[in-house]
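K.L.:
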Amino acid sequence: MPFHDPELPLDQRVDDLLSRLTIGERIALLHQFAPAVERLGVAAFRTGQEALHGVAWMGPATVFPQAVGLGATWNDDLVRRIGEVVATEARAMRTRDDRVGLNLWAPTVNLLRHPLWGRNEEGYSEDPRLTSAIAVAYTRGLRGDHPEHWRTAPVLKHWLAHNNETDRDTSSASVRPRVLHEYDLRAFRAAVEAGAVAGVMPAYNLVNGRPNHVSPHLREHLRTWTDQELLVCSDAGAPSNLVDSEKYFDTHEEATAAALVAGVDSFTDHGTDASIVTGRIQQALDQGLLSESDIDTAARRHLSVRFRLGEFDPGQGPYADPATHAFDTPGHRALAQEAAEQAVVLLKNDGLLPLPEGTRIAVVGLLADACMTDWYSGTLIRRSTPLDGLRERFGADRVTFAEGADRVRLKCAAGWLRVPESSEAPDSKEHGQAHGAEAALDPALLTGRTDLAPLSCGPEPTEFALVDWGCGAWTLRAPDGRYLSVADDGYVRASADQPGGWVVQETFALVGHGDGYLIEHTGTGGYVSVAADGVKVAEERQVFTVEWLERGEDAVARVAADADAVIVVAGNDPHINGRETQDRTTLALPPHQERLWRAARAANPRTALALVSAYPYAVADAQLPALLWTAHGGQAAGTALARILAGDVSPAGRLPQTWYAADTDLPDLLDYDVIGSRQTYLYFDGTPLYPFGHGLGYSSFAYEDLVTAREGQTLRVAFTVTNTGPVAADEVAQLYTRAPRDQAEALALPHRQLAAHRRVHLAAGAAHRLEFQLPLSELAFWDVRHDRWALVPGAYEMLAGASSVDIRLAATVDIEGAPIAARPVREAGLAATGYDEQDGTEIVDRTRTTGDAVRPLDDGTGELLFRACDFGDGVCGVSVEASGSGAVDLISGSTATTVTVPATGGIYAYTLRTSGFTAAGVRDLRVRLRGPLRLARLTFTATAQPRETA
52 MPFHDPELPL
62 DQRVDDLLSR
72 LTIGERIALL
82 HQFAPAVERL
92 GVAAFRTGQE
102 ALHGVAWMGP
112 ATVFPQAVGL
122 GATWNDDLVR
132 RIGEVVATEA
142 RAMRTRDDRV
152 GLNLWAPTVN
162 LLRHPLWGRN
172 EEGYSEDPRL
182 TSAIAVAYTR
192 GLRGDHPEHW
202 RTAPVLKHWL
212 AHNNETDRDT
222 SSASVRPRVL
232 HEYDLRAFRA
242 AVEAGAVAGV
252 MPAYNLVNGR
262 PNHVSPHLRE
272 HLRTWTDQEL
282 LVCSDAGAPS
292 NLVDSEKYFD
302 THEEATAAAL
312 VAGVDSFTDH
322 GTDASIVTGR
332 IQQALDQGLL
342 SESDIDTAAR
352 RHLSVRFRLG
362 EFDPGQGPYA
372 DPATHAFDTP
382 GHRALAQEAA
392 EQAVVLLKND
402 GLLPLPEGTR
412 IAVVGLLADA
422 CMTDWYSGTL
432 IRRSTPLDGL
442 RERFGADRVT
452 FAEGADRVRL
462 KCAAGWLRVP
472 ESSEAPDSKE
482 HGQAHGAEAA
492 LDPALLTGRT
502 DLAPLSCGPE
512 PTEFALVDWG
522 CGAWTLRAPD
532 GRYLSVADDG
542 YVRASADQPG
552 GWVVQETFAL
562 VGHGDGYLIE
572 HTGTGGYVSV
582 AADGVKVAEE
592 RQVFTVEWLE
602 RGEDAVARVA
612 ADADAVIVVA
622 GNDPHINGRE
632 TQDRTTLALP
642 PHQERLWRAA
652 RAANPRTALA
662 LVSAYPYAVA
672 DAQLPALLWT
682 AHGGQAAGTA
692 LARILAGDVS
702 PAGRLPQTWY
712 AADTDLPDLL
722 DYDVIGSRQT
732 YLYFDGTPLY
742 PFGHGLGYSS
752 FAYEDLVTAR
762 EGQTLRVAFT
772 VTNTGPVAAD
782 EVAQLYTRAP
792 RDQAEALALP
802 HRQLAAHRRV
812 HLAAGAAHRL
822 EFQLPLSELA
832 FWDVRHDRWA
842 LVPGAYEMLA
852 GASSVDIRLA
862 ATVDIEGAPI
872 AARPVREAGL
882 AATGYDEQDG
892 TEIVDRTRTT
902 GDAVRPLDDG
912 TGELLFRACD
922 FGDGVCGVSV
932 EASGSGAVDL
942 ISGSTATTVT
952 VPATGGIYAY
962 TLRTSGFTAA
972 GVRDLRVRLR
982 GPLRLARLTF
992 TATAQPRETA
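Sequential numbering of the sequence shown, starting at 52, is according to this note's numbering.
Right under this line is the structure:
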């Protein structure tokens, strides 16, 4: 059949196969689990294989550092090579398990706008250009370099403006046009334009009052960036959310049709049961909500990806050749270690590091002997903890260890809480918590073990390791290393190797109650209580007393005092605080870990704090001679950290996001207006704890000879970096731009913005000339006065340095052009969303399909400011396009009017109301909104000009 002929054009092959499918078979392609069409030899196909920093959920695989750690490397080439390994392992794993998919749901390019976002670990940076550069590199590695065939088909997550887990499927991000164009869209665009992206996944949340799964931006922006077919895959359960939680549509048929028409091509909903989604599509077709053409468009996009993956070629294409497959090779292991080393950021060093040979080291802290995975990790084939790495590097006889957990015993009226003696079940897979390739595709479906006896109470106590992870999350660990966990039957057992699962069953809260504590189970909300057949969680409350056998800080102080140097390893467990479904509430290090580092520092002033975490902390570092940060570094994390501490490698990771000094520096988590709320290094007006791009090393670098030149629509910038220190090291050279200062202040442009970067390795004394080419368009901003990109004329600063604040060289480049003109409001009117400033408003949907409007928060009072409105020779009236009911006040200088909007009959029922309003010339306009109304647009009536007579 023609669709099997690789000599034919791709579009022709896709059309041939599509023409042979019945309407039912085409509809079936639109679910995540597309069935086989045996009569045509078409195999079953699953969209979606998690691969954020290694192949995930499918058993053992090479595990690289978390995505935020890859962002901290600032190394495009490294990340491209990681992408190649991940794709190669996906192909290799698929040969032995056909459940391993080749449509990879990675990378995540949501910008790390707010450090309290629970999924901070999944993004690369707060900066759109750094995020784009790393995403382009990773997707190119995943795609492969064959001109026609793809090794894997990456999908970018999560479209669009998605940075909160709190109410994530019902909250709306208010995204003004400048933030949309200059910030959020920018993160996606470069990777799509590079041609290495197969599609995107819409986010759970709403943007401007409209669910992302019916976003007009899919059509208006995404699909205009490439001529290539893009497959838009829904997030899990999101199509049903359109009705169930968001209540945006009345019926699932309406919702499914709207999503399909908006551009969603593959529905991830109801697990492996495709019948519900396909039934909705068929009913929508029968009801006239969809056409067969709509279905064909989505099915064509689905098939296009499969053709590019080689599925319908003889031999399934060059990447199906087993000779090209590799898995867990020495090269893969070396790359995992290289990535972990490059991700380490040295934040502060007063001479303590590197540690000399022969140093007696105390390594302490809750993460000192941990190599942690996260929700999107593969299963570790091998692991290295900081304790492992330091013992290997310095010798086990020179390294002592104290975890710092509190040692406790728990007692209630029935006796001491105890773990019964029991042995492992011969085949624990039968009892839940199965891991590896035998596990479910979705680890959220894994359940706790029920084969072990539950805890009981009696005369003999068990000693537990108690850890306070902060924000009311505690874990209890039995002497054999297993965590207390609650299975589906409600009983408490020492059964978990580590906390985990979609709903974590291993965390508890100690709630003060009289002279004792209630032990609340986080996952169920029940309380630990004693029953005749064992300890379980129930509504009944049992009071426990805690006997503190040893505080963790006492154990830490004891070993710290006897060492030459102390390494405190602190941070987060990615399955507990700050994760998918759970945002953080504070930047503070959990009190338990704060106590540990302070105890170590008090016992030994030669103490370094190594933070291993998925996000920034606000750490008071004045008493610490050295401070490091790394994301959870994958399988080689401990070896990498030890080599950094020993000076075998000079650290050169750089912060991919601002580290703020306090919670008071942060806006509300749901405030997406990075301009108005002054978020990220682009706009933050305060002094950060550590700035974007910051990172130290064991060498020093000089920056010299900055030269700039304009060639047409391109700026060429070059400078020389020299290693002036004693050791070979990497340097991350960063180039920033700053708009003309007067215009930058007037238009609220960034303080500075990253234009380019390069990580280079230099021997001691070596120099390297770096050259960058910057399109002038990269200097533009979104001009809301005229709804277009614009370039401010004037003197632009080119700033070269080692961080966003450590600028070593500066030069100016004059850009000619017309000044930014005033708003032509007399002729063009005003879109409500085109404001310069706002207070107390949010952007909402103009209709369910397209357009935006503005409303006051909580139906109260809000205000919009439009600067430089040109009323020309004069206007004498205004028309307000609004829905709902309330009033719109217009104030410009001494001129003011109020337009009353009577109830229009619904939020989408817009009406035009007019009033007299006189103004002339260029002036600012304030628009005050009062009551439950939505303002879409203002138009003005020009003052009639007197006729000229002969």
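Quick reminder that beta carbons are idealized off the backbone N, C-alpha and C, glycines included. From a predicted model like this one, the values you see are computed outputs, not experimental measurements.
(1) When DSSP labels each residue in this structure, what does residue 670 get in the three-state scheme?
(2) Quick one: give me the first and last residue of the alpha helix (DSSP H) that residue 144 is part of.
(3) Do you know offhand how far residue 173's Cα is from residue 266's?
(4) Using C-beta distances below 8 angstroms, list every residue in its chain close to residue 328, excluding the 5 sequence neighbours before and after it, in chain order.
(5) Between residue 616 and residue 401, what straight-line distance do the alpha-carbon atoms span, to the nearest angstrom?
(6) Work out the CA separation of residue 558 and residue 44 for me, nearest whole Å.
(7) Return the chain-ordered ranges of every alpha helix (DSSP H) run that is complete within the stretch 569-643 and spans a minimum of 4 residues.
(8) Using the three-state DSSP reduction, which class does residue 756 fall into: helix, strand or coil?
(9) Does residue 351 pass the burial test, meaning 16 or more other C-beta atoms within 10 Å, or should it be called exposed?
(10) Going residue by residue through the stretch 374-456, where are the continuous alpha helix (DSSP H) segments of at least 4 residues, counting only ones entirely within it?
(11) Suppose only complete runs of 4+ residues qualify. What are the alpha helix (DSSP H) ranges in the stretch 847-916, listed by chain order?
(12) Count the other C-beta atoms from every protein chain shown that fall within 10 angstroms of the C-beta of residue 867, then say buried if there are 16 or more, exposed otherwise.
(13) What's the gap between the Cα of residue 757 and the Cα of residue 852?
(14) Is the CB-CB distance between residue 176 and residue 193 below 8 angstroms?
(15) Going along the chain, which residues of its own chain have a beta-carbon closer than 8 angstroms to the beta-carbon of residue 76, five neighbours each way excluded?
(16) Going by C-alpha to C-alpha distance, which of 732, 462 and 302 sits closest to residue 567?
(17) How far does the beta strand (DSSP E) with residue 808 in it reach, from first residue to last?
(18) How is residue 985 classed by DSSP in three states: helix, strand or coil?
(19) Which of helix, strand or coil does DSSP assign to residue 930?
(20) Short of 6 angstroms in beta carbon distance, which residues of its chain neighbour residue 975, apart from the five on each side in sequence? Order them along the chain.
(21) For residue 246 and residue 362, I'd like the C-alpha separation in whole angstroms.
(22) Using beta-carbon positions only, say whether residue 635 and residue 167 come within less than 8 angstroms of one another.
(23) Please report the distance separating the alpha-carbon of residue 423 from that of residue 115.
(24) Specify, as a first and last residue, the run of the beta strand (DSSP E) that residue 766 falls within.
(25) With the cut-off set at 8 angstroms, would you say residue 430 and residue 776 are in Cβ contact?
(26) Based on Cα-Cα distance, which residue from 521, 582, 314 and 879 lies nearest to residue 560?
(27) What first and last residue would you give for the beta strand (DSSP E) that runs through residue 209?
(28) Just verifying my parser: in three-state terms, what is the DSSP assignment at residue 168?
(29) Nearest to residue 242 by CA position, among 268, 281 and 261, is which residue?
(30) Taking the alpha helix (DSSP H) that residue 63 falls in, what are its first and last residues?
(31) Alpha carbon to alpha carbon, how far is residue 356 from residue 249?
(32) Between which two residues does the beta strand (DSSP E) holding residue 939 run?
(33) If residue 808 and residue 785 are in contact, beta carbons under 8 angstroms, what's the gap, nearest whole angstrom?
(34) Measuring only the C-alpha atoms, how far is residue 519 from residue 589?
(35) Report, in whole angstroms, the separation of the C-beta atoms of residue 713 and residue 669, which I expect to be a contact under 8 angstroms.
P.N.:
With the given structure in hand:
(1) coil
(2) 127-147
(3) 23 angstroms
(4) 81, 82, 290, 307, 318, 320 and 321
(5) 14 angstroms
(6) Because the chain spans 52 through 1001 in this model, residue 44 falls outside it and cannot be assessed.
(7) 603-612
(8) strand
(9) buried
(10) 381-393 and 437-445
(11) 876-879
(12) exposed
(13) 11 angstroms
(14) no
(15) 88
(16) 462
(17) 804-813
(18) strand
(19) strand
(20) 918
(21) 20 angstroms
(22) yes
(23) 11 angstroms
(24) 765-774
(25) no
(26) 521
(27) 204-210
(28) coil
(29) 281
(30) 61-71
(31) 7 angstroms
(32) 937-943
(33) 5 angstroms
(34) 22 angstroms
(35) 6 angstroms
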